[in-house]
Amino acid sequence: MALILPFLLAFAGGATDLARAYQAWLTIESAARNAAEYVATTSADAATALADARHAVCQESQPAPGFTPGSAPNAIINCTAPTVTVPSFVISTVQTGASAANPIATAQVRATLPFNTIFPYPFVPHDGWTLTGDATYSVVRGR
């Protein structure tokens, strides 16, 4: 029993950290996708797109390990982790299928979340991993 117990504990710890990493990655990926859809559907310009994306990602990533709320009074929607960027936001009237009345909006949202394991493992960096979710969404507006 004394020989098996360390292996069982290491296996349980590894499974726990793997589950936490998978849950955080799914959460960040889903938050980026939903933020890209929201930004492409509602935002008017790049500055508004970044604020809208940050709010959407922060709202959805609360249960993820590594989530860090911001300062009051809106601590959740002004979170400091995950980090949110909008590398691309375009509202086009010249794309195929677009018109002045029905432009096509395309938004790319990238969310980055730091992740640390609970236990230090050999050959695994304990100072953290970076989980990234990246999503692009296009929508015809006004229909």
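For the sequence shown, our numbering assigns the number 19 to the initial residue and increments by one for each residue that follows.
Virtual Cβ for every residue (Gly too), placed ideally from N, Cα, C.
Of the listed residues the options, nearest to residue i (C-alpha basis)
| i | options | result |
| --- | --- | --- |
| Leu131 | Thr150, Ala125, Ile22 | Thr150 |
| Asn134 | Leu23, Leu27, Tyr40 | Tyr40 |
| Cys97 | Ala71, Asn120, Pro121 | Ala71 |
| Ala123 | Pro87, Met19, Ala64 | Ala64 |
| Cys76 | Glu55, Ala54, Thr101, Thr59 | Thr101 |
| Arg161 | Pro121, Ala153, Asp152, Val142 | Pro121 |
| Arg159 | Tyr56, Ile22, Pro24, Ala37 | Tyr56 |
| Pro143 | Gly88, Asp35, Pro87, Ser61 | Asp35 |
| Trp147 | Ala42, Ala118, Ala20 | Ala42 |
| Ser117 | Val157, Ala37, Leu21 | Val157 |
Neighbourhood of residue i by C-beta distance below 7 Å, restricted to the same chain and skipping five residues each side
| i | result |
| --- | --- |
| Pro105 | Gln126, Arg128 |
| Pro81 | Thr45 |
In DSSP terms, what residue i is bridged to
| i | result |
| --- | --- |
| Ala153 | Val127 |
| Trp147 | Phe133 |
| Thr86 | Ala99 |
Spatial neighbours of residue i in its chain, beta-carbon cut-off 8 Å, leaving aside the 5 residues before and after
| i | result |
| --- | --- |
| Ser79 | Thr45, Ile46, Ala49, Phe85, Cys97, Pro100, Ala129, Leu131 |
| Ala54 | Ala71, Ala125, Gln126, Val127, Ala153, Thr154, Tyr155 |
6 Å Cβ shell around residue i - same chain, five flanking residues per side excluded
| i | result |
| --- | --- |
| Val108 | Thr124 |
Touch test, the stretch 111-122 against the stretch 78-96, Cβ-Cβ under 8 Å, three pairs minimum: Judged by Cβ distances under 8 Å, the stretch 111-122 makes no contact with the stretch 78-96, as fewer than three pairs qualify.
The stretch 22-35 / the stretch 48-68 touching (three or more Cβ pairs under 8 Å): Taking 8 Å as the limit for Cβ pairs, the verdict is that the stretch 48-68 does not touch the stretch 22-35.
Segments of 3+ residues assigned as beta strand (DSSP E) that fall wholly inside the stretch 102-141: Counting only runs of 3 or more, we get 122-133.
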